[in-house]
Each structure stands twice: as C-alpha cells, then as structure tokens.
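Report on the following structure.
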DNA sequence: CTTAGACCTTCCAGTTTTGACATGTCAATC
DNA sequence: GATTGACATGTCAAAACTGGAAGGTCTAAG
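Chains as they are written, first to last, in full-length UniProt numbering: chain A, 1 to 183; chain B, 1 to 183.
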C-alpha cells in the first residue's frame with residue numbers, strides 16, 4: 001500500500017493540504033516517483049480520515065477541505081519508513097517490447113532502439129535543464145526532491161546509453177560474417 | 001494491456017507452450033521485465049483463446065495444454081510492437097521512501113541509503129554472475145534476453161551509484177558549517 | 001509398492017488501478 | 001451580465017493484480 005503513504009507523506013511534509021493541492025504535487029514533484037489519479041487521491045483521503053491518520057483541519061472557499069496529519073498519521077508514516085521494505089516493481093513496458101523485438105525485421109528493431117535512445121536523451125536533457133533552472137530552498141522537500149530529480153536524470157542517461165549499446169549489439173549480429181576469417 | 005502481449009509474445013517465440021512453461025519463463029527470463037502470477041497467466045491464456053489469438057495445439061500428459069499462436073495472434077503481436085508506444089511506468093516504492101526520508105533523523109536516512117546501495121550492489125553482482133554463467137544460444141530469445149539482462153545489470157549499477165551519491169549529499173547537508181571559511 | 005517431487009490446471013475473494021462522468025464555486029475578463 | 005478557466009470534490013464500473021487454496025497426474029528413487 002504505497003499510494004496511502006505517498007498521500008500521507010505529502011500531508012505530513014506540507015503540514016496541511018487539500019486533495020487539489022495533492023493532485024498538483026503528484027503531477028509535478030512526484031511524477032517520476034509515483035503517479036495517482038484524482039479518484040485515487042480523493043478516495044485515499046477519505047480512507048485515511050476514516051482510519052484517523054489525517055483530519056480535516058479547515059474548510060475553505062469552494063468546499064475546499066484542508067487536511068492535516070494526526071499524531072497517529074505521523075507515527076504510521078514513520079513506521080512505514082523504518083519498518084516496511086519495498087519490493088522493487090519489476091515491470092517495464094519499454095523493456096518488454098525489446099524482449100520481443102526479434103519478431104520484427106532486424107532493421108526495424110534497430111530503428112526502435114535508436115528512437116528509444118533519442119527519446120531517453122531528450123528526457124535526460126529535460127531534467128538536466130530543470131536542475132539548472134530550479135532554485136532550491138532549504139526545506140526537506142527541496143533537498144529530497146533534488147535527490148529524486150538527480151535519480152531521474154541518471155536513469156534516463158543510463159537508459160540512453162543502454163539503448164545505444166543494444167543497437168550496436170544488434171548491428172554486430174545482423175552482419176557478423178564479414179571478417180571472421182579475413183587474414 | 002501489456003500482460004496480454006507478454007504472454008502472447010512468449011507463445012509466438014516459443015512456438016508452443018503450456019501455462020506451466022510460461023510461468024517458468026516469467027520467473028526466470030522475464031523476471032526483470034514483467035512479472036505475473038499464476039492466476040494472471042492462466043487467466044490471460046483463456047482470454048487470448050477466446051479472442052482467437054492463440055489456440056490449443058495439443059494436449060499432453062497431465063491435462064497439459066500446449067498453446068500456439070494463430071495468424072491473428074502473430075499479427076496482433078506485430079501491431080503492438082510497431083504501433084503502440086508504451087508509457088514508461090513511473091512508480092517506484094524505493095524512491096517514494098527517499099522522497100520522505102526527511103521525516104527521519106538524518107542519520108537514519110543516511111543508513112537507509114547505505115543499505116539501499118548495498119542491496120543494489122548485490123543485485124548487480126548477481127546479474128553479472130548470471131551473465132558469466134549462462135551459455136547463450138543463437139536464437140532470438142537468447143539474443144534479446146541478453147540485452148535485457150544487461151539492462152538489469154546497468155540499472156542496479158546506476159542505482160547503487162546514485163544511492164552512494166545521495167548519501168554523500170545528505171552528509172554534506174548534515175554537517176556543512178565546518179570549513180566554510182577555513183583558510 | 002510407496003512416496004516425494006515435479007508437473008499442470010482451475011477458481012476465487014479481495015484489493016488496487018484506471019478512466020471516465022458528474023457537480024458545483026469563485027475570480028477575472030470581455 | 002456573461003463567459004471562461006482555475007479551483008474543488010465526489011462517485012462509479014471495469015480492468016488488472018494479489019495471494020492464495022484446491023485438486024489432480026506422472027516419474028523416479030528408495
């Protein structure tokens with residue numbers, strides 16, 4: 001149950017936020033780490049409230065509800081951080097395709113990897129640019145947000161390099177018999 | 001719907017396999033790419049059969065059913081490879097924790113990253129050892145399986161290095177005022 | 001002969017995720 | 001005064017995923 005802790009964690013760090021606020025955070029700062037839809041966020045807020053981990057601290061203009069973490073909520077976040085060990089999710093649609101690329105003509109397969117390398121390069125550059133632009137504060141969210149952003153940059157860089165390597169590997173196999181016994 | 005294409009893809013490549021065979025493949029060769037439980041695999045086989053993408057080609061000893069792809073199935077796999085563009089799944093429990101590590105004492109946070117780095121190092125070494133051990137054939141599954149295995153190795157290596165870097169960053173912030181103006 | 005272990009499938013109950021649809025308020029602009 | 005757009009919440013059905021339980025068959029070793 002990670003969505004629950006993502007929501008809870010944001011509320012604890014922000015010390016008060018509405019579902020709408022959280023949605024924006026999911027879209028922006030948590031985008032590379034955990035995604036969530038509206039229905040998930042609002043649903044989870046209701047559950048967290050029912051379980052006494054958060055509470056409605058104030059109500060604002062448009063039916064806005066500002067949630068704040070209870071002591072039980074802060075304890076639970078801490079417990080999750082310390083005790084629970086996440087199993088790394090091993091699911092990757094891009095890689096799944098690579099696995100079956102042998103079903104295409106070699107030239108198409110290599111084109112796919114070249115495309116992939118280009119896309120990853122762009123993403124890496126995008127994050128690198130972001131790193132330059134953003135002025136970081138001294139708060140926790142800034143510090144740890146910076147760490148995850150750097151992770152994203154490294155991830156895309158790794159991926160780009162791998163795609164280039166893989167493309168070269170395919171090239172080697174596609175036309176190998178050229179210099180096998182050329183003295 | 002990627003599970004569907006993972007199952008379909010394996011059946012196409014193997015040119016005939018039972019649910020049991022597929023399960024083993026998911027556990028071994030597809031482990032770093034896509035995971036699936038028994039109920040998912042058998043369920044998907046039923047659906048694929050109903051949709052005419054695969055068919056029971058033979059029945060074996062223990063109620064074993066050997067599935068084979070139909071022409072429609074092969075077309076669908078190809079269509080998926082060429083047309084559909086996967087959206088990279090952005091969900092990572094380990095990173096999610098890092099995002100909230102500011103809730104712990106700095107020393108605990110650093111310990112978490114050190115642990116993480118160690119775990120990633122072990123995994124990387126595990127895959128590296130596997131690369132040495134395995135004797136690769138000349139078939140497609142071998143070639144492309146080799147590519148994804150190398151991806152896994154690079155992924156864990158990147159992750160280890162990042163965790164070490166992040167730990168150092170935290171250390172810098174934990175005790176920064178030591179040599180600011182030490183001539 | 002018997003028994004352990006690999007082989008093999010089916011079903012299910014509960015949870016999570018997805019992707020809408022529905023509803024309404026407030027602030028600023030035209 | 002009307003319209004647009006950001007703000008804000010809520011509900012739902014369908015799909016996907018989890019984690020088993022249950023039941024049965026063949027083979028080889030002891």
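Just so you know, even glycine gets a beta-carbon here, dropped at the ideal spot from N, CA and C.
Answer with buried or exposed for residue i, where buried requires no fewer than 16 other C-beta atoms within 10 angstroms of its C-beta.
| i | result |
| --- | --- |
| residue 39 of chain A | exposed |
| residue 168 of chain B | exposed |
| residue 5 of chain B | buried |
| residue 139 of chain B | exposed |
| residue 3 of chain A | buried |
| residue 92 of chain A | buried |
| residue 153 of chain A | buried |
| residue 83 of chain A | exposed |
| residue 8 of chain A | buried |
| residue 137 of chain B | exposed |
| residue 44 of chain B | buried |
| residue 72 of chain A | exposed |
| residue 1 of chain B | exposed |
| residue 101 of chain A | buried |
With a threshold of 9 Å between beta carbons, is residue i in contact with chain B?
| i | result |
| --- | --- |
| residue 46 of chain A | no |
| residue 118 of chain A | no |
| residue 24 of chain A | no |
| residue 92 of chain A | yes |
| residue 9 of chain A | yes |
| residue 96 of chain A | yes |
| residue 41 of chain A | no |
| residue 27 of chain A | no |
| residue 171 of chain A | no |
| residue 162 of chain A | yes |
Skipping 5 residues on each side, what residues in its chain have a beta carbon closer than 8 Å to that of residue i?
| i | result |
| --- | --- |
| residue 183 of chain B | Any reading at residue 183 of chain B needs caution, since the residue's pLDDT is 46, under 50, leaving its predicted position unreliable; the model's value is listed next. The answer is none, since no qualifying residue turns up. |
| residue 60 of chain A | 18, 66 |
| residue 20 of chain A | 64 |
| residue 74 of chain B | 12 |
Do you know how far the Cα of residue j is from the Cα of residue i?
| i | j | result |
| --- | --- | --- |
| residue 109 of chain B | residue 150 of chain A | 17 Å |
| residue 105 of chain A | residue 36 of chain A | 37 Å |
| residue 126 of chain A | residue 76 of chain B | 34 Å |
| residue 156 of chain A | residue 52 of chain B | 38 Å |
| residue 28 of chain B | residue 145 of chain B | 10 Å |
| residue 96 of chain B | residue 66 of chain B | 42 Å |
| residue 133 of chain A | residue 124 of chain A | 14 Å |
| residue 161 of chain B | residue 163 of chain A | 20 Å |
| residue 99 of chain A | residue 116 of chain A | 14 Å |
| residue 90 of chain A | residue 31 of chain B | 7 Å |
| residue 118 of chain A | residue 147 of chain B | 18 Å |
| residue 57 of chain B | residue 143 of chain B | 27 Å |
| residue 111 of chain B | residue 49 of chain B | 50 Å |
| residue 47 of chain B | residue 85 of chain B | 23 Å |
| residue 33 of chain B | residue 103 of chain A | 17 Å |
| residue 171 of chain A | residue 113 of chain B | 39 Å |
| residue 173 of chain A | residue 173 of chain B | 49 Å |
| residue 131 of chain A | residue 62 of chain B | 59 Å |
| residue 107 of chain A | residue 87 of chain A | 37 Å |
| residue 78 of chain B | residue 135 of chain B | 29 Å |
| residue 122 of chain B | residue 122 of chain A | 31 Å |
Taking CB distances under 9 Å as the criterion, tell me whether residue i reaches chain A.
| i | result |
| --- | --- |
| residue 144 of chain B | yes |
| residue 183 of chain B | For residue 183 of chain B, the predicted model reports a pLDDT of 46, less than 50, meaning its position is unreliable and no value from the coordinates is stated. |
| residue 65 of chain B | no |
| residue 103 of chain B | yes |
| residue 158 of chain B | yes |
| residue 87 of chain B | yes |
| residue 166 of chain B | yes |
| residue 13 of chain B | yes |
| residue 31 of chain B | yes |
| residue 124 of chain B | no |
| residue 34 of chain B | yes |
Excluding five sequence neighbours on each side, which residues of the same chain lie with their C-beta closer than 7 Å to the C-beta of residue i?
| i | result |
| --- | --- |
| residue 159 of chain B | 120 |
| residue 191 of chain A | As shown, chain A starts at 1 and ends at 183. That puts residue 191 of chain A outside it, with no answer to give. |
| residue 80 of chain A | 5 |
| residue 94 of chain B | 116 |
| residue 25 of chain B | 10 |
Less than 6 Å between C-beta atoms, sequence neighbours within five positions excluded: which residues of the same chain meet that for residue i?
| i | result |
| --- | --- |
| residue 69 of chain B | 11, 12, 54 |
| residue 15 of chain A | none |
| residue 128 of chain A | 153 |
| residue 166 of chain B | 113 |
| residue 141 of chain B | 13 |
Could you check if residue i belongs to the surroundings of the ligand PLP, using beta carbon to heavy atom distance under 8 Å?
| i | result |
| --- | --- |
| residue 17 of chain A | The ligand PLP is not among the ligands present in this structure, which contains no ligands whatsoever. |
inquiry  = To test your reading of the DSSP string, which unbroken alpha helix (DSSP H) runs of 4 or more residues are found completely within the stretch 73-103 of chain B?
reply    = 93-99
request  = Would you mind listing the alpha helix (DSSP H) stretches within the UniProt domain "Transcription regulator PadR N-terminal" (7-78) of chain B that are 4+ residues and don't spill past its ends, in chain order?
outcome  = 19-27, 38-50
key: beta strand (DSSP E) runs wholly inside the UniProt domain "Transcription regulator PadR C-terminal" (91-170) of chain B, at least 3 long, in chain order   = none
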